[in-house]
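Chains as they are written, first to last, in my numbering: chain X, 1 to 327; chain C, 328 to 575.
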Amino acid sequence: MYSQGLIGADGQTNETPEFLETFQKRIDAEEKVEPTDAMPEGYRRTLVRQIGQHAHSEIVGMLPEGNWITRAPSLRRKAALLAKVQDEGGHGLYLYSAAETLGVSREEMTEELHSGKAKYSSIFNYPTLSWADIGTIGWLVDGAAIMNQIPLCRCSFGPYARAMIRVCKEESFHQRQGYEIIMTLAQGTPEQKEMAQDSLNRWWWPSLMMFGPHDADSEHSDQSMTWKIKRFTNDQLRQKFIDATVPQAEYLGLKVPDPDLKWNEEKGGYDHGEIDWDEFWRVVKGHGRMNRDRIKDRRAAWERGAWVREAALAHAEKRRARKIAAE
Amino acid sequence: MTVYHALLELADDHLVLGHRLSEWCGHAPMLEEDLAMPNMALDLIGTARTLYDRAAALEGKGRSEDDMAYLRDERAYRNCLLVERPNEDFAHTVLRQLYFAAFMHPYWIAAQDSTDGVVRGVAGKAVKEMAYHIRHAGEWVIRLGDGTEESAARMRDAVEALSIYVDELFDSSPAAREAEAAGVLPVRADLRTQWDKTIADIFGEAALTLPEAPYPQRGGREGLHGEGLGHLLAEMQSVYRAHPGAQW
Ligand SMILES: [Fe+2]
Ligand SMILES: [Fe+2]
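Take a look at the structure:
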């Protein structure tokens with residue numbers, strides 16, 4: 001979600017060369033940039049966009065998993081899933097606060113999400129069709145998120161880096177929990193094992209797409225690397241993810257749905273088949289199976305809750321007025 | 328065996344209400360409530376799990392908490408009618424939560440003296456949780472009752488709709504009466520004064536009045552429910568029942 005966060009980011013700046021040079025020196029010295037510090041406009045815009053998209057991903061990501069809370073097949077799993085989805089909401093809240101330090105309000109960001117102007121990770125535009133998908137999302141999606149986010153703990157922007165440290169701890173817990181769900185299924189009845197394999201088949205490629213386009217096609221990557229918003233390229237992170245995940249699938253006795261996948265001794269990593277970039281861009285541009293439903297759900301919740309938020313404001317206002325009157 | 332039935336009633340109350348709250352997850356009016364709803368749901372489901380486990384142990388047939396939750400149909404569920412009421416809107420949801428917590432808080436306080444060690448353990452934890460639920464739901468009842476014209480009207484609708492399910496909270500089934508006589512569970516009827524006071528305090532600030540309920544609805548403890556519970560259970564139990572004997 002995080003590399004995808006740079007798609008369309010406009011890193012252009014109009015500052016003087018001296019200003020940019022001084023700023024770059026701070027970055028190169030690994031100093032953290034804080035919200036009140038002077039920063040290039042492009043740096044601010046890139047971060048607002050990336051953190052906002054990251055926050056939206058956490059919030060929209062609650063929907064596919066929330067889809068199984070009411071059907072979780074044991075009380076233990078039901079409680080764990082509730083807690084996980086709650087964590088994701090907490091990540092969203094935390095990230096919106098980090099973005100707000102850059103002068104953009106949560107309301108503005110929410111409106112951009114609802115209007116389709118702001119994006120969120122393409123992965124959440126795929127549907128959860130079986131209980132196994134809850135395991136797979138934890139294992140692969142949270143797993144991919146961790147690959148992206150661990151380097152973000154060293155991001156040059158202080159509030160984002162600090163948010164990531166806390167978030168990463170919870171994501172790795174989610175990843176282990178998801179893997180454990182899949183392990184239980186893989187070692188279960190033939191139907192359960194089939195459920196796990198089917199789920200891996202459907203989520204494998206979308207998970208690889210989470211890392212964003214190939215480096216050669218990634219326009220804004222260079223500037224973000226120079227500013228140390230990003231530390232690794234999309235392809236480097238994707239490779240790390242594949243190398244870590246394939247042995248886990250093998251251990252479970254599940255087959256990764258890529259006939260071209262094979263170990264490359266020379267590079268010390270796996271070679272993999274070509275990603276369907278047409279599908280990726282289609283989903284990013286709003287034409288995945290669940291894009292419309294996700295936004296519709298978010299908007300419906302927001303619109304149905306309008307009277308609640310208005311009432312809370314009105315009540316706070318009445319309280320304030322009564323307090324002043326009493327003084 | 329009767330203590331078993333009484334614990335099952337109590338566990339069903341918590342599971343069904345926890346399930347209802349979990350239906351909000353990702354669809355709440357604001358992000359803060361997307362966190363608060365599952366938080367309260369987790370408290371309730373946690374209590375349900377311990378109570379099912381204890382009930383199963385007393386029953387002595389080797390059933391698990393999941394067998395209890397997932398393999399009984401609506402006629403076998405023993406929850407009170409209040410907790411199965413649909414979410415409707417946020418006003419109904421917070422009022423249902425307040426009514427339930429205002430009952431359970433003094434209940435668990437009294438249950439801290441239970442003759443059953445597991446019940447005492449649950450009570451110690453649940454007292455703090457229910458105090459939080461009263462605070463959280465109560466604050467919302469006040470905000471909505473004394474908010475805008477629309478929120479006040481919705482709050483009054485919720486009061487009108489849910490007050491007929493209050494009296495059942497204070498009824499003790501024959502099983503509960505035996506558990507009460509044995510000192511395992513507190514006497515439900517004794518908690519009315521405390522409940523009335525909690526609600527009166529909050530309603531006072533919320534500009535709401537508790538209506539008379541001349542025709543209260545009862546029947547949950549005999550498995551006589553509304554039509555919504557069957558759908559809730561059908562959804563909840565679907566995966567578990569489709570794979571008999573599977574581990575999850
Ligand atoms: Fe997250
Ligand atoms: Fe996560």
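Heads up, the beta-carbon is just placed ideally off N, CA and C, and yes, glycines get one too.
For the region 68-100 of chain X, enumerate the residues whose C-beta is nearer than 8 Å to any C-beta of chain C, in chain order.
-> Ile-69, Thr-70, Arg-71, Ala-72, Pro-73, Ser-74, Leu-75, Arg-76, Arg-77, Lys-78, Ala-79, Leu-82, Ala-83, Val-85, Gln-86, Gly-89, Gly-90, Gly-92, Leu-93, Tyr-96
Three or more C-beta pairs below 8 Å linking the region 167-183 of chain X and the region 123-143 of chain X | yes
Hey, Lys-25/X and Asp-473/C: beta-carbon distance below 8 Å or not?
-> No, they are not a contact pair.
For Phe-232/X, the three-state DSSP class (helix, strand or coil) = coil
Got a sec: which bits of the region 180-196 of chain X sit with their beta carbon under 7 Å from any beta carbon on chain C, in order along the chain?
-> Thr-184, Gly-188, Thr-189, Glu-191, Gln-192
Quick one: is Pro-356/C buried, meaning 16 or more other Cβ sit within 10 Å of its Cβ, or exposed?
-> Result: buried.
Around the C-beta of Trp-277/X, are 16 or more other C-beta atoms found within 10 angstroms, so that it is buried, or is it exposed?
-> exposed
Report whether the distance from the Cβ of Asp-87/X to the nearest heavy atom of ligand 2 is below 7 Å.
-> yes
Extent of the continuous beta strand (DSSP E) to which Trp-227/X belongs = Careful: Trp-227/X lies outside any beta strand (DSSP E) and carries neither H nor E.
For Ser-391/C, which residues of its own chain have a beta-carbon under 7 Å away from its beta-carbon, when the five flanking residues on both sides are left out?
-> Ala-383
In the DSSP assignment, find the beta strand (DSSP E) that holds Asn-414/C and state where it starts and stops.
-> Premise fails: Asn-414/C is in no beta strand (DSSP E) and is neither H nor E.
Of all Cβ atoms in chain X, is any one closer than 8 Å to the Cβ of Pro-413/C?
-> no
Per DSSP, which one or two residues make a beta bridge with Asn-264/X?
-> Gly-269/X
By Cβ distance below 7 Å, which residues in the same chain neighbour Leu-252/X in space, the five residues on each side in sequence not counted?
-> Within its own chain, the residues whose Cβ lies closer than 7 Å to the Cβ of Leu-252/X, once the five positions on either side in sequence are excluded, are Ile-182, Met-183, Ala-186, listed in chain order.
Going by alpha carbons, who is nearest to Leu-75/X out of Leu-408/C, Phe-427/C, Asp-370/C, Leu-425/C?
-> Asp-370/C
Is it true that the CB of Thr-128/X sits closer than 8 Å to the CB of Pro-40/X?
-> no
Short-range partners of chain X found in the region 343-357 of chain C, where Cβ spacing is below 7 Å = Here the close residues are His-346, Ser-349, Glu-350, Cys-352, Gly-353, His-354, Ala-355, Pro-356, Met-357.
Mind checking if Arg-632/C is an interface residue toward chain X, Cβ cutoff 8 Å exclusive?
-> Not covered by the structure: residue 632/C. The range shown for chain C is 328 to 575.
What do you reckon, is the C-beta of His-174/X under 7 Å from a heavy atom of ligand 2?
-> yes
Residue ranges of each alpha helix (DSSP H) within the region 165-222 of chain X, 4 or longer | 190-209
Kindly provide the ranges of any alpha helix (DSSP H) runs that are 4 or more residues long and lie completely inside the region 345-400 of chain C, ordered along the chain.
-> 358-386, 392-397
Select from the region 303-325 of chain X all residues with a C-beta closer than 9 Å to any C-beta belonging to chain C, and list them in chain order.
-> Arg-304, Gly-305, Ala-306, Trp-307, Val-308, Arg-309, Glu-310, Ala-311, Ala-312, Leu-313, Ala-314, His-315, Ala-316, Lys-318, Arg-319
Taking only beta-carbon positions, decide if Leu-398/C is within less than 8 Å of chain X.
-> no
Quickly, what does DSSP pair Val-85/X with across the bridge? List them, please.
-> Beta-bridge pairing links Val-85/X to no other residue.
Going along the chain, which residues of the region 414-440 of chain C sit with their C-beta nearer than 7 Å to a C-beta in chain X?
-> Those would be Phe-417, in chain order.
Compare the C-beta of His-341/C with all C-beta atoms of chain X and state if any pair is closer than 8 Å.
-> no
Got a sec: which bits of the region 106-134 of chain X sit with their beta carbon under 7 Å from any beta carbon on chain C, in order along the chain?
-> Trp-131
Using beta-carbon positions only, say whether His-114/X and Arg-299/X come within less than 8 Å of one another.
-> yes
Can you pull the DSSP bridge partners for Val-33/X?
-> Paired residue(s): Phe-157/X.
Say yes only if the C-beta of Glu-350/C is nearer than 7 Å to one or more non-hydrogen atoms of ligand 2, and no if none qualify.
-> no
Indicate whether at least one CB of chain X lies closer than 8 Å to the CB of Ala-333/C.
-> no
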